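Chain order of the listed sequences is E, B, U and W.
Note that this note's numbering has the first sequence beginning at 126, numbered continuously upward.
Note that this note's numbering has the second sequence beginning at 126, numbered continuously upward.
Note that this note's numbering has the third sequence beginning at 126, numbered continuously upward.
Note that this note's numbering has the fourth sequence beginning at 126, numbered continuously upward.
Every residue gets a Cβ at the ideal spot worked out from N, C-alpha and C, and that includes glycine.
Keep in mind it's a predicted model, so treat the numbers as computed, not measured.
First comes the structure, then the notes that go with it.
Number of protein chains: 4
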Amino acid sequence: MVDFQGIINGINATAAKTDNRGLCATYIPELAKVDLAKFGIHLINIQQQSFSSGDSDERFSIQSISKVFTLSMALGLVGEKLWQRVDVEPSGDPFNHLSLLEMENGIPRNPLINPGAIVVADILVSLLENPKEDFLAYVKNLANDDSINYDEEVARSEKMTGFRNYAAANLLKSYKNLVNDVDTVLDFYFHQCSISMSCAQLANAFFMFINHGKCKKNNTFLTTRQVKRINSLMLTCGFYDEAGEFAFEVGLPGKSGVGGGIVALLPNKFCVATWSPGLNAKGNSKLGMLALERLTTQTELSIF
Amino acid sequence: MVDFQGIINGINATAAKTDNRGLCATYIPELAKVDLAKFGIHLINIQQQSFSSGDSDERFSIQSISKVFTLSMALGLVGEKLWQRVDVEPSGDPFNHLSLLEMENGIPRNPLINPGAIVVADILVSLLENPKEDFLAYVKNLANDDSINYDEEVARSEKMTGFRNYAAANLLKSYKNLVNDVDTVLDFYFHQCSISMSCAQLANAFFMFINHGKCKKNNTFLTTRQVKRINSLMLTCGFYDEAGEFAFEVGLPGKSGVGGGIVALLPNKFCVATWSPGLNAKGNSKLGMLALERLTTQTELSIF
Amino acid sequence: MVDFQGIINGINATAAKTDNRGLCATYIPELAKVDLAKFGIHLINIQQQSFSSGDSDERFSIQSISKVFTLSMALGLVGEKLWQRVDVEPSGDPFNHLSLLEMENGIPRNPLINPGAIVVADILVSLLENPKEDFLAYVKNLANDDSINYDEEVARSEKMTGFRNYAAANLLKSYKNLVNDVDTVLDFYFHQCSISMSCAQLANAFFMFINHGKCKKNNTFLTTRQVKRINSLMLTCGFYDEAGEFAFEVGLPGKSGVGGGIVALLPNKFCVATWSPGLNAKGNSKLGMLALERLTTQTELSIF
Amino acid sequence: MVDFQGIINGINATAAKTDNRGLCATYIPELAKVDLAKFGIHLINIQQQSFSSGDSDERFSIQSISKVFTLSMALGLVGEKLWQRVDVEPSGDPFNHLSLLEMENGIPRNPLINPGAIVVADILVSLLENPKEDFLAYVKNLANDDSINYDEEVARSEKMTGFRNYAAANLLKSYKNLVNDVDTVLDFYFHQCSISMSCAQLANAFFMFINHGKCKKNNTFLTTRQVKRINSLMLTCGFYDEAGEFAFEVGLPGKSGVGGGIVALLPNKFCVATWSPGLNAKGNSKLGMLALERLTTQTELSIF
């Protein structure tokens, strides 16, 4: 039996001593002002035992991690038809997603880059009666926690500075791959990114991805096949232009966000969330990457 | 002495017999419903003699031809500083202006492609007290014709379908190469494109480009050097991805619009406007191109 | 205990009844003339038990599968320094590898696309005394089979038609990311692609990737960490523009070749090679993909 | 009557006093060792009067200027069919011609960029009995000077370092837009670039472009229409990524080479060649650009 608590305590102790923590995202004030000293980690195993250390109950902006939730909800609602509007391949593009969009006639490379997530948001806006309320309820159910909420300040700041997302949405619209109007879809999208959650809440919400689509309360959200699809997408596309490096260093499917959160998981075994607001040059949490590498090295649990 | 009237009559007669006239632009209803049978031509020489034939007094949507007017006004107002925000080189890009924008960090290749014209519009919006009124007054002065106006229906339709322009403007904004807000700049831009003018009015308004910056009433709008700059830009960049072909077939600086208008000119000699709403595969007026080729062949007046 | 033999027999029986087998690669005569009716599969588990069915002992051109062997040999020789000359990220580029090379200053995206493999070949040519002999010996050792050899006919045909590879090598040279001369490196590269092996031989040679770098005879070729690196690269980059799809449908690291071979593996569990010369639209063996999907579905053994 | 000699003397005097002369091309030793202090200019008017100053009779490597000669010869031989294999539009690409080649399926944007010139070379290699001898004879005839010759040292150096040209040629070959083998075509291409000529010889050889296709001895090499085509190509594509700037600053069709030469011309009026080996950041002769700008400013003779 792996000593998860001991390993996690060690990771937290090491993190506490690390000076070089990267830099906070600065494009909106809410992210820029977060305390760089924060570090949290929470792991839940398939037996639903929890292990945590550091600031694991402090909430932060989940940002792009929300793309996994919208993808799950949309895939559950529309099934395989989803792939007619967004592809499943890595983007391999260090900087210019819009160029790729133009080359591929408005079909984003995958649902975990911004243009792809905007298409997924459009699908949810079309299907849900009250998109923002219904999606929030979905996340609350997944995490089994009613206190999760949007951060309206963050959503407003995203809207004020999200010119590249407006560019992407309009380009999608020009290719007729956006059904609803740009402002409505982006209002939803900026809200999904603004959700605040703690490491503990994230780990709980991702439990279904290690448990064949069933959440902690044993309700089924996705089929085994759908979970496999999302896990494989997280592995190949979950870390911007560092997906290959993460697959190697950590060896787990996962997703990061510019708020400094990362969730990673080993199917049938465990799911773990880390948070440290400082980012490395490729936009992923610096201490989070190191923590997960250490975790898989010490537990010898990875997919490779 | 060249027999301009005889040549123009011949061109009109030939046009009238031509069946294959290309296709109207269809992206907005106002352009789609124009009568394909229309053809007009109006030429004014440096002595201010006018020669015309066909529907030369019927107004049509000048569309991208307006980019020459906004460029002239902006260059007159800010001078060479303009080139810090937009380059002067041909785009050489058959389809994806946005990609180029990304590769060149938000500096459009030239002011006659859409992203470049949007930057120029932004400059005017910053400088003018009442941008739309002041710009319209400028065009009226150039053409010495007070009846010129915006077509609000066309402007509204452009706005409804201009997703690529919204994408470009937002991308420019993300690179901090757009000072004003996207909606204000594009409202101005869609209006400039919506101006209705006849061949006669266009030829008159372009007179200053053959006359060292002085309009028909001898008022100075630009320096000789500024006129040279705009004429060279029209030659190298005035015809989308057909600039090279136009430079060869016609051999004059000029600018086309998807409303079917083309203006072309030979410095110190003459300036000519044609109109035929059917476009060729590259988006330039089919009969207009043929008419101008015939004109320069028969008059033996071209820059090459 | 999984009934590998039963499952494999079933896969072979299904394959035998499948009419739609894709198309052979036709760019060289040696590949074009292979019998489309061929199908073979060979699996070896971590206990070194072998299971096979169909044409599993017939040799075919391994083509791009050889890139895993050259990468292994080079990584074993130079270690982490290798990544200074080739990156580890998916290429995400459906067609134009050379463009990407230009955008990234001559550093190929990963060692499993052609430009990356050419850099790896260059490294081996620099380090090995007799590059072709030494590399062949390495593959023989891995597979524990002295009968493996180059197919000189195939190598010669590749050379006659390999213009894109010549273009890539020269472009690498222009960026100073190729030390040896183009002809020498490509002669080596075309030979590595020309190696003929059977499913059984391939499965044996890949045994070290499921066994922490130790081959069937327990000799150590790579460290555990190096094996993890190569396995993660196979998962994210092993299937051209179908890596994401393969990661999902099959859920195993692997590598395909245009000769119709595929090798895939589950660390600590098993390694499997399939062969069917007909390719799908993305250049991967059609029946091979189906066979592997069926294998992981029926055994419920995959990484996700 | 314009005082060409007086103006040219003034230009030479100014050049002599200029310290900031740019940098010699350094990629081959033959170009790197040329004396930066050199400056020459030679002008011939339509009446065949010659005016010169400075090192106007010293020979230098014409490099890319040769593309105009090969284009002329090929166009004269095959006529309009030529445009099936190379386009006539500006490339608008500051750096990566190969990318564009891939996007446009192996049809180079125009014959004055390297890939386009390589296609033209391929055409000549196909048509001429003794390509190198016959082409040299053509240039000698144009210039009416039998002493013009290849510089074998330069040709050999080009071959040793021309990896991007090898890449381009192989890519063209992969798109089946190169008939002959790469080495033969590039041997011809490297030779054409190596020709040594003086300003006087170049101005004489370009005389036909101001004289409707007739050389100084009144022999016809091209039709008026073919001359117009080449002149328009020189204007829109003759100066790498500085075509727009040159069209404005100088306002003449022309062609530059990395050896420091520039030829420019005003149809029916004059043709001028300058030489100064120091290049500006875009690869065009620094003093040559300034000299031509001054010439057109002082003579008030330009096409705009």
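| request: Could you check which residue in W:Gly363, W:Lys158 and W:Ala406 has the C-alpha nearest to that of Ser189 (chain W)? | output: W:Gly363
| field | Within chain U, the residues that Arg289 (chain W) reaches when beta carbons sit closer than 8 Å | value | Asn295, Leu296 and Ser299
| query | Counting along the chain, where does the alpha helix (DSSP H) carrying Tyr264 (chain E) start and finish? | reply | Note on residue identity: the sequence assigns Val, not Tyr, to residue 264 (chain E). Note, Val264 (chain E): alpha helix (DSSP H), Pro256 to Ala268.
| query | Mind pulling the chain W residues with CB within less than 8 Å of Val213 (chain B)? | reply | Gly369, Glu370 and Phe373
| query | If Asn269 (chain B) and Cys340 (chain B) are in contact, beta carbons under 8 Å, what's the gap, nearest whole angstrom? | reply | About 7 Å; that satisfies the 8 Å criterion.
| In chain order, what residues of the same chain lie with their CB nearer than 6 Å to the CB of Leu252 (chain E), ignoring the 5 residues before and after it? | Leu202
| Exposure label - Gln351 (chain W); buried when at least 16 CB within 10 Å | buried
| task | Tell me where the alpha helix (DSSP H) around Thr494 (chain E) begins and ends. | result | Here chain E covers residues 126 to 429 and nothing more, so residue 494 (chain E) does not appear.
| field | Test: Ala292 (chain W) CB closer than 8 Å to a CB of chain U | value | yes
| said: Pull the bridge partners of Gly131 (chain U) from the DSSP assignment, please. | reply: Answer is none; Gly131 (chain U) lacks a bridge partner.
| Of the residues W:Asn302, W:Glu418 and W:Ile428, which one's Cα is nearest the Cα of Ile132 (chain W)? | W:Glu418
| Helix, strand or coil: which one does DSSP assign to Asn221 (chain W)? | For Asn221 (chain W), the pLDDT reaches just 49, beneath the cut-off of 50, and the residue's location in the model is therefore unreliable, although a value from the coordinates is still provided. It is coil, neither helix nor strand.
| request: Would you mind stating whether Ile273 (chain W) and Val279 (chain W) have Cβ atoms separated by less than 8 Å? | output: no
| Since Phe395 (chain U) sits in a beta bridge, which residues does DSSP pair it with? | U:Asn170 and U:Leu391
| request: Can you tell me which of W:Glu370, W:Met126, W:Leu391 and W:Leu415 puts its alpha carbon nearest to the alpha carbon of Gly385 (chain W)? | output: W:Leu415
| Any C-beta of chain B under 8 Å from that of Ile132 (chain E) | no
| task | Please confirm if Gly376 (chain W) has its CB atom under 8 Å from at least one CB of chain B. | result | For Gly376 (chain W), the closest Cβ of chain B is nearer than 8 Å.
| Buried or exposed (CB count within 10 angstroms, at least 16 for buried), Asp212 (chain E) | buried
| Hey, Leu358 (chain B) and Ser427 (chain B): beta-carbon distance below 8 Å or not? | no
| query | Closer than 8 Å, Cβ to any Cβ of chain U: which residues of the stretch 168-184 of chain W, in chain order? | reply | none
| Gly179 (chain U) lies in the beta strand (DSSP E); which residues open and close that run? | Ser175 to Gly179
| query | Mind checking if Leu223 (chain U) is an interface residue toward chain W, Cβ cutoff 8 Å exclusive? | reply | Chain W has a Cβ within less than 8 Å of the Cβ of Leu223 (chain U).
| What residues from chain W crowd round Arg354 (chain B), counting only those whose CB sits closer than 8 Å? | Phe373
| query | For the alpha helix (DSSP H) that Ser319 (chain U) lies in, which residues bound it at each end? | reply | Val307 to Ser319
| the stretch 135-147 of chain W in contact with the stretch 160-180 of chain W per 3-pair CB rule at 8 Å | yes
| message | According to DSSP, simplified to helix, strand and coil, what is Lys284 (chain E)? | response | In this structure, Lys284 (chain E) counts as helix in the three-state DSSP scheme.
| query | Three or more C-beta pairs closer than 8 Å, one from the stretch 390-401 of chain U and one from the stretch 159-169 of chain U: is that the case here? | reply | yes
| Met285 (chain E): buried (16+ other C-beta within 10 angstroms of its C-beta) or exposed? | The residue in question, Met285 (chain E), is exposed, as its Cβ has fewer than 16 Cβ neighbours within 10 Å.
| Where does the unbroken beta strand (DSSP E) through Gly379 (chain W) begin, and where does it stop? | Gly379 to Ser381
| task | Examine chain W for any beta-carbon lying closer than 8 Å to the beta-carbon of His361 (chain B), and answer yes or no. | result | Looking at the sequence itself, residue 361 (chain B) is Thr, so the reference to His does not match. Closer than 8 Å to some Cβ of chain W, the Cβ of Thr361 (chain B) qualifies, so yes.
| Hey, is Ser381 (chain E)'s beta-carbon within less than 8 Å of any beta-carbon in chain U? | Chain U contact via Cβ: absent.
| said: Quick check on this structure: which residue in E:Leu223, E:Ile238 and E:Leu327 has the alpha carbon closest to the alpha carbon of Gly408 (chain E)? | reply: E:Ile238
| request: With a threshold of 7 Å, establish whether the CB of Pro240 (chain E) neighbours any heavy atom of the ligand FMN. | output: Judged by which ligands are present, the structure shown has none, so any question about the ligand FMN falls away.
| query | When DSSP builds the beta bridges, which residues end up paired with Trp400 (chain W)? | reply | Residue pairing by DSSP places Trp400 (chain W) opposite W:Gly165 and W:Gly386 in a beta bridge.
| Based on the DSSP secondary-structure assignment, which residues constitute the bridge partners of Phe364 (chain E)? | According to DSSP, which records beta bridges pairwise, Phe364 (chain E) is partnered with nothing at all.
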